[in-house]
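Asker:
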Amino acid sequence: MRKRTGLNIAVFMLSLLVAAGCAFMLLDVWGWLQEENIAASELVVFPGVEEPPMTLPAEPVSDEPFNVLILGLDHGLDRPVQGYERSDVIIIAHIDEAAGKAVLLSLPRDSYVSIPGYRKSKINEAYQAGGVDLAVHTVEQVTGMRIRNYVVVDFDEFMWLVDLFGGVPVTMEEPLNDPKVGYIGAGGQQLDGEHALMLARSRDYPQGDLERVRQQQRIIIQALYKGKEMASYPGAAWFLSIALDPLETNLTQDEVIALARGFAELPVVDVQGGVAPGKPGMVGAASVYILDETALRELVRNIEQLCFVPEEFR
Numbered sequence: 661m662r663k664r665t666g667l668n669i670a671v672f673m674l675s676l677l678v679a680a681g682c683a684f685m686l687l688d689v690w691g692w693l694q695e696e697n698i699a700a701s702e703l704v705v706f707p708g709v710e711e712p713p714m715t716l717p718a719e720p721v722s723d724e725p726f727n728v729l730i731l732g733l734d735h736g737l738d739r740p741v742q743g744y745e746r747s748d749v750i751i752i753a754h755i756d757e758a759a760g761k762a763v764l765l766s767l768p769r770d771s772y773v774s775i776p777g778y779r780k781s782k783i784n785e786a787y788q789a790g791g792v793d794l795a796v797h798t799v800e801q802v803t804g805m806r807i808r809n810y811v812v813v814d815f816d817e818f819m820w821l822v823d824l825f826g827g828v829p830v831t832m833e834e835p836l837n838d839p840k841v842g843y844i845g846a847g848g849q850q851l852d853g854e855h856a857l858m859l860a861r862s863r864d865y866p867q868g869d870l871e872r873v874r875q876q877q878r879i880i881i882q883a884l885y886k887g888k889e890m891a892s893y894p895g896a897a898w899f900l901s902i903a904l905d906p907l908e909t910n911l912t913q914d915e916v917i918a919l920a921r922g923f924a925e926l927p928v929v930d931v932q933g934g935v936a937p938g939k940p941g942m943v944g945a946a947s948v949y950i951l952d953e954t955a956l957r958e959l960v961r962n963i964e965q966l967c968f969v970p971e972e973f974r
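So for the sequence shown, this note's numbering puts the first residue at 661; every next one is plus one.
1. Excluding sequence positions up to five away, which residues of its chain have a Cβ less than 8 Å from the Cβ of proline 835?
2. Can you tell me whether DSSP reads isoleucine 775 as helix, strand or coil?
3. Is the beta carbon of glutamate 915 sitting closer than 8 Å to the one on valine 792?
4. Whole beta strand (DSSP E) runs in the segment 795-822 with 3 or more residues, listed along the chain?
5. When the Cα atoms are used, what is the spatial distance from alanine 936 to isoleucine 881?
6. Might you give, ordered along the chain, the residues of its own chain that have their beta carbon closer than 6 Å to the beta carbon of arginine 769, omitting 5 neighbours on each side?
7. Return the chain-ordered list of same chain residues with a C-beta closer than 8 Å to the C-beta of arginine 808, the five sequence neighbours on each side being excluded.
8. Looking at the strands, I want to know which residues DSSP matches up with isoleucine 751.
9. Shortest alpha-carbon distance to leucine 904 belongs to which of Glu817, Leu794, Ala759 and Val773?
10. I'd like to confirm the pairing. Which residues does DSSP put opposite arginine 746 in its beta bridges?
11. Ordered along the chain, which non-local residues of its own chain (more than five positions away) have a Cβ less than 6 Å from that of aspartate 734?
12. Is serine 766 near glutamine 877, with beta carbons less than 8 Å apart?
13. Using the Cα positions of glutamate 854 and aspartate 823, report the straight-line distance between them to the nearest angstrom.
14. Just list the alpha helix (DSSP H) runs in the segment 895-922, keeping only unbroken ones of 4 residues or longer that don't cross its boundaries, in chain order.
15. With a threshold of 7 Å on Cβ separation, who are the neighbours of alanine 759 within its own chain once the five nearest residues in sequence on each side are excluded?
16. Give the secondary structure of proline 717 by DSSP, where H, G and I count as helix, E and B as strand, and everything else as coil.
17. Please classify glutamine 867: does DSSP put it in a helix, a strand, or coil?
18. Under the DSSP definition of a beta bridge, which residues are partnered with proline 940?
19. For methionine 942, which residues in the same chain have their Cβ closer than 8 Å to its Cβ, ignoring the five residues on either side in sequence?
20. Can you tell me whether alanine 883 is buried or exposed, with buried defined as 16 or more other CB within 10 angstroms of its CB?
21. Alpha carbon to alpha carbon, how far is tyrosine 621 from valine 802?
22. Would you check if the distance between the CB atom of asparagine 962 and the CB atom of tyrosine 810 is smaller than 8 Å?
23. Grab me the residues of aspartate 756's own chain with a C-beta within less than 6 Å of its C-beta, minus the 5 sequence neighbours each way, in chain order.
24. Pick out whichever of Gly826, Gly933, Glu953 and Gln932 has its Cα sitting closest to the Cα of lysine 939.
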């Protein structure tokens, strides 16, 4: 397991890393690598550093489709870095290497569930109560999906990663003007880390948290489009290894590079997103999200058997 560094960072979605195997090979801050002198620059870009090979191993990461849990930790505005580590982004990336497909399943952070050995509470308390092991156990119990791997990313780290790789491209049909997180104008643009986090954190949408998780998935999917393009650039594997270093994950560097390379070789990007079905409710004075367990089982069947999200769950 890789531990967080002195940046004290553990995102989202990305958490961009593993959604389809290359969430951190996001974006083209290294456009100069495409210039005519690319061959010469390769020799001196990273003097004294051996670049990891960006090649596929003989075998896939997994013979069967598998699931990766992505947790984004939000310390919240004005909260201390230590002592508040609820996972406010909870996404399961279901990856089918043979079919070249991936599905992102978001569990709203306020989902009211039984946390094993703890109590019934909002699902985002699981990580705070028992770290990644309890978070994984809780998600497996709620969804019935076996989690093979996990990635935990702090929101500060998310901003650092987005900036490291040059931003994430989005087109905003309407401006975001959230007094709690900030402003993003309408139109096509390249969001830096700060503004990408605004989009991922804001609840200032007509559907509140449900739209919030869709925006988180949107960032991941848009990043994958750019990541597919960047994966063939010289130095891509080296940057991916740098991005992995501070993260809490049980994925190895070789596994992530293999997933990234495999994703880059797909003819098209095929990533669908879904949200666990349910409805808003109250438990005492607390606002929660009550999962529809029957509908969730149906959604999970579609994901695991067909790598498909029916329209009503998107």
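Every residue gets a Cβ at the ideal spot worked out from N, C-alpha and C, and that includes glycine.
Answerer: Reading it off the structure:
1. Tyr843, Ile844, Gly845 and Ala846
2. strand
3. no
4. 809-814
5. 18 Å
6. Asp748 and Asn784
7. Ser722, Phe726, Asn727 and Val728
8. Ile730 and Ser766
9. Glu817
10. Asp734
11. Asp748 and Phe815
12. yes
13. 8 Å
14. 896-904
15. Cys967
16. Bear in mind that a pLDDT of 48 at proline 717, under 50, signals an unreliable position, so the number given afterwards is only what the model happens to contain. Residue state, collapsed to three classes: coil.
17. coil
18. Tyr949
19. Val948
20. buried
21. The structure shown has nothing for residue 621, since the chain only spans 661 to 974.
22. no
23. Pro725 and Cys967
24. Glu953
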